[in-house]
Amino acid sequence: MVSFRFAFPYIIPLSFSPLFPPRLPPSSLSSLSSPFPFLRSSSSFFNHSPRRMGSLSALIDPFLYPTARRDDSVVDDYHGCQIVDPYRWLEDPDADEVKEFVEKQVKLTESVLQKCDTREKLRAKITEQFDHPRYDPPFKRGNKYFYFHNTGLQAQNILYVQDSLDGEPEVLLDPNALSEDGTVSLSNLSVSKDAKYLAYGLSSSGSDWVKIKVMRIDDKKAEPDTLSWVKFSSISWTVDGKGFFYSRYPAPKEVGTLDAGTETNANLYHELYYHFLGTDQSDDVLCWRDQDHPKYLFSASVTDDGKYVLMPIEEGCDPVNKFYYCNISALPNGLEGFKGKNDLLPFTKLIDDFDAQYYAIANDDTLFTFITNKNAPKYKLVRVDLNDPTVWTELLPESDKDVLESACAVNGDQMIVSYLSDVKYVLQIRDLKSGSLLHQLPIDIGTVNGISARREDSLIFIGFTSFLTPGIIYQCNLESGTPDLKIFRETVVPGFERSAFNVDQVFVRSKDGTNIPMFVVARKNIVFDGSHPCLLYGYGGFNISLTPSFSVSRTVLMRHLGAVFCVANIRGGGEYGEEWHKAGSLAKKQNCFDDFISSAEYLISAGYTQPSKLCIEGGSNGGLLVGACINQRPDLFGCALAHVGVMDMLRFHKFTIGHAWTSDYGCSDNEEEFKWLIKYSPLHNVKRPWEQHPDRLLQYPSTMLLTADHDDRVVPLHSLKLLATMQYVLCTSLEKSPQTNPIIGRIECKAGHGAGRPTQKMIDEASDRYAFMAMMLAATWID
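So the number in the numbering used here is just where the residue sits in the sequence shown, counting from 1, plus 149.
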């Protein structure tokens with residue numbers, strides 16, 4: 150059973166999303182890279198003095214920008230509208246011309262970063278504070294406990310095993326031994342019910358492609374099993390330990406020449422398989438495919454009683470799915486009877502349309518409990534008997550205000566549920582049979598970023614973080630009548646004093662009057678006179694909620710650059726349920742940009758900062774957010790950091806898993822949807838602000854576009870095409886351009902969309918982007 154609802158695979162086990170952030174908030178490891186009474190001048194733009202403009206001008210001479218060939222003959226017809234795509238050639242990652250373009254951009258960016266005087270100070274301080282032990286909540290299988298641990302600067306977390314919580318821990322799997330540079334990472338894992346075997350997925354260079362391998366746990370001996378071309382897959386063992394279900398794509402035709410993770414072709418025809426231990430992958434049982442629906446995505450989980458395999462089916466990123474199940478305990482010859490045959494498993498279609506989301510959290514034989522948003526945009530729990538699938542009963546009604554984030558069966562007939570209340574987590578113990586509230590668990594304002602529990606467990610573990618809490622693992626004993634909640638482990642960051650900072654939550658009125666929550670984190674006792682650098686972070690898409698989490702790099706910014714850090718919970722996310730999500734998607738996507746712009750305007754009018762001191766940041770869908778906002782309001786920001794952004798809104802659906810995002814964006818193949826996409830697509834809306842406002846000396850903010858060569862989620866072509874376009878339109882197409890703020894790209898090698906990035910790469914990237922921000926905002930170092 151999965152204990153957290155998900156869309157589809159990303160970084161953290163049990164947390165899935167085809168675009169960017171995980172459903173669960175990031176741990177302190179992943180948050181490093183992630184994926185937080187002044188009156189404005191009447192001329193509300195950068196307010197750079199001539200001297201400041203001159204200093205930026207010295208960073209990059211317009212003649213030093215790489216010349217990118219423009220091919221204006223590439224024209225697409227979108228429903229009678231002719232759209233030129235002069236940098237279409239940048240879509241081929243294997244072309245020599247593209248490699249040359251990337252090489253020149255890397256050199257240009259390095260020349261700029263070398264002039265950033267805080268770069269090495271940031272790197273040293275982030276490294277120093279990141280060098281602390283970190284743990285994930287332990288989980289139990291059989292009679293053993295498993296957990297992840299990092300001593301501090303190890304490239305990847307190490308998986309440990311121990312016979313009891315007090316037993317001597319042993320290294321079970323160390324991904325750091327699998328590559329010299331730490332770029333092979335553990336993407337997912339599953340331990341068999343008897344704790345004899347570990348099946349685990351390995352990713353190279355951050356790619357979504359995974360190879361599944363198997364290890365014997367007692368003697369740590371590797372089994373010969375190797376499964377390839379796995380992507381967007383769970384791993385779920387049958388209770389007999391003979392094998393497991395997993396998902397994959399057909400192998401590419403040109404396997405020998407493929408550098409997995411750099412290709413851009415669409416991922417189609419997902420398939421569900423069962424693998425018997427000790428057999429070749431070619432002998433695996435094909436359990437399900439759907440040739441009529443090539444975009445469908447399949448996952449599988451075996452129920453705790455071992456009787457059923459459950460198969461949610463998704464097509465896009467909307468929180469909707471079909472739901473099929475197969476009673477594997479009733480198969481005449483078991484799964485062995487399907488060996489060597491072409492027969493698919495006899496799945497029963499419980500839900501066969503995409504009207505809502507359904508995920509099972511528990512079952513008692515044929516009686517299943519689901520978490521769903523069916524007629525409940527803030528989610529609820531319902532129950533159905535498979536013997537009478539037409540009758541659904543409500544177990545836990547939808548809350549009037551709070552969003553039901555997760556539910557997990559524990560301690561026999563209890564469940565632990567988490568709610569999101571104004572972007573803050575609430576934890577409860579409830580009765581699994583009646584839904585009634587038994588206990589409220591006392592947690593601070595922050596985020597539950599992991600719950601380790603099964604129905605058979607009375608001892609559960611809860612991971613917690615906040616802006617000022619690096620990490621706490623709570624141990625909760627449910628054996629007695631009153632839950633005994635105590636700290637099991639707590640993360641301590643050297644040199645960090647939480648008492649030196651303050652967190653506020655404010656509500657900003659957006660353009661249409663909607664109140665947008667925003668967290669503001671800063672050092673205590675600073676005077677908000679508009680002089681402080683400010684970092685504003687946002688996402689706004691795919692039903693993903695940005696909840697409080699700790700970040701070493703951002704605490705360094707607040708402590709040593711005097712920065713204010715803000716997270717805007719704009720529409721498009723899941724902070725207030727499905728209605729909040731829908732209010733920022735499809736035809737209403739502009740609400741996301743309006744919300745973010747309104748948040749920036751609030752920070753200025755309230756005296757937190759000023760335009761020349763304000764940096765905006767976002768990744769993936771958040772990269773799109775940043776790209777759209779600097780196009781629409783270049784006067785409002787002094788710096789912009791856009792990570793792995795979706796920048797070409799007319800062609801995103803043609804590459805890798807991009808077709809899944811049409812549920813949030815729409816698709817240019819549809820005329821109505823093309824009309825709203827073309828209005829905000831970052832690639833197609835780069836304009837010269839000084840020509841639009843000839844009475845004001847406007848320019849784009851200093852901008853860094855970040856991408857990586859093995860990002861097969863949002864392929865690098867998005868950032869490369871926008872980079873070439875911005876440099877041409879703003880910097881190189883005029884004899885003397887008013888654009889003195891630099892437009893650069895940071896292109897990482899042997900890295901992907903964010904998952905599995907080794908610690909040193911995360912530190913280097915954070916140092917580079919925030920050093921760039923510091924110089925562009927004229928922020929000075931504070932010892």
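By construction, the Cβ of each residue, glycine as well, lies at the ideal position given by its N, Cα and C atoms.
- Residue 849 is not a Cβ neighbour of residue 912, given a cutoff of 8 Å.
- Between residue 350 and residue 379, the CB-CB gap stays under 8 Å.
- Rounded to the nearest whole angstrom, the C-alpha separation of residue 308 and residue 298 is 7 Å.
- Between residue 383 and residue 449, the C-beta spacing is below 8 Å.
- Going by C-alpha positions, residue 660 is about 30 Å away from residue 918.
- The alpha helix (DSSP H) runs of length 4 or more contained entirely in the stretch 830 to 885 are, from start to end of the chain, 838 to 841, 866 to 875.
- Two segments are said to touch when three or more pairs of C-beta atoms, one from each, lie closer than 8 Å; by this definition the stretch 216 to 235 does not touch the stretch 835 to 843.
- In terms of Cβ geometry, residue 788 and residue 851 form a close pair [threshold 8 Å].
- Between residue 235 and residue 223, the CB-CB gap stays under 8 Å.
- In this structure, residue 710 sits away from residue 927, with a CB-CB distance that is not shorter than 8 Å.
- Pairwise C-beta distances place the stretch 798 to 810 out of contact with the stretch 744 to 762, as fewer than three of them are shorter than 8 Å.
- By the Cβ-count criterion, residue 636 is exposed, with fewer than 16 other Cβ atoms from all chains shown falling within 10 Å of its own Cβ.
- According to the DSSP assignment, residue 473 belongs to the beta strand (DSSP E) that extends over 471 to 476.
- Bounds of the alpha helix (DSSP H) holding residue 778 are 770 to 781.
- For residue 574 against residue 595, the beta-carbon gap comes to about 7 Å, under 8 Å, which counts as contact.
- For the options 739, 847, 705, the alpha carbon positioned closest to that of residue 268 is the one of 705.
- Ranking 347, 681, 534, 516 by CA distance to the CA of residue 375 puts 347 first.
- Per DSSP, residue 383 has no beta-bridge partner at all.
- With a cut-off of 8 Å on Cβ pairs, the stretch 676 to 684 is not in contact with the stretch 563 to 577, counting fewer than three such pairs.
- Taking C-alpha positions only, residue 421 is separated from residue 394 by approximately 7 Å.
- Nearest to residue 746 by C-alpha distance, out of 729, 858, 764, is 764.
- In the structure shown, residue 265 falls within a coil segment according to DSSP collapsed to helix, strand and coil.
- Inter-residue distance for residue 425 and residue 724 is about 41 Å (C-alpha atoms, whole angstroms).
- In the structure shown, residue 226 adopts extended strand secondary structure according to DSSP, grouped into three states.
- Taking C-beta atoms as the reference points, residue 718 and residue 468 fail to come closer than 8 Å.
- As far as DSSP is concerned, residue 436 takes part in no beta bridge.
- Residue pairing by DSSP places residue 684 opposite 714, 764 in a beta bridge.
- Shortest Cα-Cα distance from residue 561 to any of 602, 572, 590 involves 602.
- The beta carbon of residue 715 sits closer than 8 Å to the beta carbons of 185, 667, 668, 669, 670, 683, 684, 685, 686, 748, 752, 757 from its chain, once the five residues preceding and following it are set aside; these are given in chain order.
- Sequence-distant Cβ neighbours of residue 728 in its own chain, meaning closer than 7 Å and more than five residues away, are 526.
- In the DSSP assignment, residue 705 falls within the alpha helix (DSSP H) that extends over 701 to 709.
- Comparing C-alpha distances from residue 809 to each of 885, 334, 419, 697 shows the shortest one belongs to 419.
- For residue 365, there is no enclosing alpha helix (DSSP H); the residue is found in the beta strand (DSSP E) stretching over 359 to 365.
- When DSSP states are grouped into helix, strand and coil, residue 667 belongs to the strand group.
- Its chain contains 515, 516, 517, 540 as the residues whose beta carbon lies nearer than 8 Å to that of residue 534, once the 5 sequence neighbours on both sides are disregarded; these appear in chain order.
- Every alpha helix (DSSP H) stretch that sits fully inside the stretch 239 to 293 and reaches 4 residues is listed by chain position as 245 to 262, 268 to 279.
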